[in-house]
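Asker: In my numbering, the protein residues as written are 62 to 375.
1) Could you pull the start and end residues of the alpha helix (DSSP H) that residue 197 belongs to?
2) Please classify residue 312: does DSSP put it in a helix, a strand, or coil?
3) Who pairs with residue 15 in a beta bridge, going by DSSP?
4) Relative to the C-alpha of residue 192, which candidate in 353, 65 and 108 has its C-alpha closest?
5) Closest by CA to residue 231, which one among 322, 200, 249 and 247?
6) Name the residue from 86, 135, 136 and 122 whose alpha carbon lies nearest to the alpha carbon of residue 128.
7) Here's the rule I'm using: 16 or more other beta-carbon atoms within 10 Å means buried, otherwise exposed. How should residue 369 be labelled?
8) Counting Cβ pairs closer than 8 Å, one from the stretch 334–354 and one from the stretch 280–294, do we hit at least three?
9) Within 8 Å, do at least three Cβ pairs link the stretch 296–312 to the stretch 261–273?
10) By DSSP, does residue 359 sit in helix, in strand, or in coil?
11) Using DSSP bridges, identify the partner residues of residue 229.
12) Given a threshold of 16 other Cβ atoms within 10 Å of its Cβ, counted over all protein chains shown, does residue 133 qualify as buried or as exposed?
13) I need the boundaries of the alpha helix (DSSP H) containing residue 115, first residue and last residue.
14) Terminal residues of the continuous beta strand (DSSP E) containing residue 291?
15) Determine the closest residue to residue 101 out of 228, 90, 194 and 223, with distance taken between C-alpha atoms.
16) Is it true that the CB of residue 210 sits closer than 9 Å to the CB of residue 178?
17) Hey, quick one: how far does the alpha helix (DSSP H) through residue 66 stretch, first residue to last?
18) Given this structure, state the Cα-to-Cα distance separating residue 274 from residue 360, to the nearest angstrom.
19) Classify residue 84 as helix, strand or coil using the three-state DSSP reduction.
20) Pick from 88, 221, 365 and 363: whose alpha carbon is nearest that of residue 126?
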């Protein structure tokens, strides 16, 4: 047990990322049943869909689970009320000011964890009264911080400025990666890409197969004039890269992106025109597995390497 497992009521300090178009009730409940913390990804759900997934997750597991809520969500008040009405006990917030909703959530007995990309924002989280922070390095898939700080640099920087329980994210997908994060001061890890490509993920089979075939350099951070986003190789990414190289304005990039691009790629499996969000760690993944198998391998490899390194130091 450590502060993260105690805070969240889980067996293992492994949190599944609340990823758009991947993190439905099947994935979240499977991670929670395996001893981690599953998160529903509210960012790609209409309010009524989120309510449905919360209820299905509650029916599928008696273990703790949470909801990840991007604070830029257009119907944020409705989403927050649903979370409170349905008895959700844990909320991870991101992409916004933690002061806006943390007090409201905590008044309703909800544990609040906020995602940051810099030590400066970690300090703001502590001031806002959050219960823990996730320090996410730029190796992560999807939307990233503008600082482009790697996870290995970000964890100790955040640890040095806050006493809050610290969860590391970005580029973590092995037991060795978990151990490295812990050695740098983290007390838990949040893992996205590994779970996005599992059998229980709601992402399309085509998206999973595409990402499992990526090698080193298969992802790149683009769209920096809008919101930095890590994308896998495909025709849409090539178009974005070409536009950026030619000096496209933010408005031109917004027009190119359009609407529903992530749904088209991740959920519907349009590998040419879709926005394929996945992390750098996908280069280490080559086969689709169940959540149970992924969790088992993460825990076993962590214990194996921790014991090996401990003995080698004696």
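Ideal Cβ positions, reconstructed from N, Cα and C, are used throughout, including at glycine.
Answerer: The answer reads as follows:
1) Start at 1 with the first residue of the chain shown, and residue 197 comes out as number 136. Residue 197 -> not in any alpha helix (DSSP H); beta strand (DSSP E) instead, spanning 193–197.
2) In the chain shown, the residue the question calls residue 312 occupies position 251. DSSP places residue 312 in helix when its eight states are reduced to three.
3) A query on residue 15 cannot be resolved here, the shown segment of the chain reaching from 62 to 375 and no further.
4) Taking the chain shown and counting its residues from 1, the one referred to as residue 192 is at position 131. Closest by alpha carbon: 65.
5) One-based indexing of the chain shown puts residue 231 at position 170. Nearest to residue 231 by alpha-carbon distance, out of 322, 200, 249 and 247, is 200.
6) For the purposes of this step, residue 128 is identified with residue 67 of the chain shown, where counting begins at 1. Residue 128 has its Cα closest to that of 86, out of 86, 135, 136 and 122.
7) Taking the chain shown and counting its residues from 1, the one referred to as residue 369 is at position 308. Its Cβ having fewer than 16 others within 10 Å, residue 369 is exposed.
8) A contact exists between the stretch 334–354 and the stretch 280–294.
9) In short, these stretches do not touch, since the Cβ pair count stays below three.
10) As a first step, residue 359 must be located in the chain shown, where it is residue number 298. Helix, per DSSP.
11) In the chain shown, residue 229 corresponds to position 168, counting from 1. Residue 229 pairs with 196 and 250.
12) Along the chain shown, read from residue 1 onward, the residue named residue 133 stands at position 72. Exposed is the call here.
13) Here residue 115 is taken as the residue at index 54 of the chain shown, counted from 1. If you look at residue 115, you'll find it in the alpha helix (DSSP H) that goes 108–121.
14) Here residue 291 is taken as the residue at index 230 of the chain shown, counted from 1. It spans 290–293 - the beta strand (DSSP E) in which residue 291 sits, taken as one unbroken run.
15) If you number the chain shown from 1, residue 101 lands on position 40. Ranking the options by Cα distance to residue 101, first place goes to 90.
16) As a working mapping, residue 178 is identified with position 117 in the chain shown. As a working mapping, residue 210 is identified with position 149 in the chain shown. At a Cβ-Cβ threshold of 9 Å, residue 178 and residue 210 count as neighbours.
17) For the purposes of this step, residue 66 is identified with residue 5 of the chain shown, where counting begins at 1. Its alpha helix (DSSP H) spans residues 64–69.
18) Here residue 274 refers to the residue found at position 213 of the chain shown. Here residue 360 refers to the residue found at position 299 of the chain shown. Using only the alpha carbons, I get a separation of about 24 Å.
19) Looking up residue 84 in the chain shown gives position 23. Residue state for residue 84 is assigned as coil, using DSSP reduced to three classes.
20) Here residue 126 refers to the residue found at position 65 when the chain shown is read from its first residue. The shortest C-alpha separation from residue 126 is found at 88.
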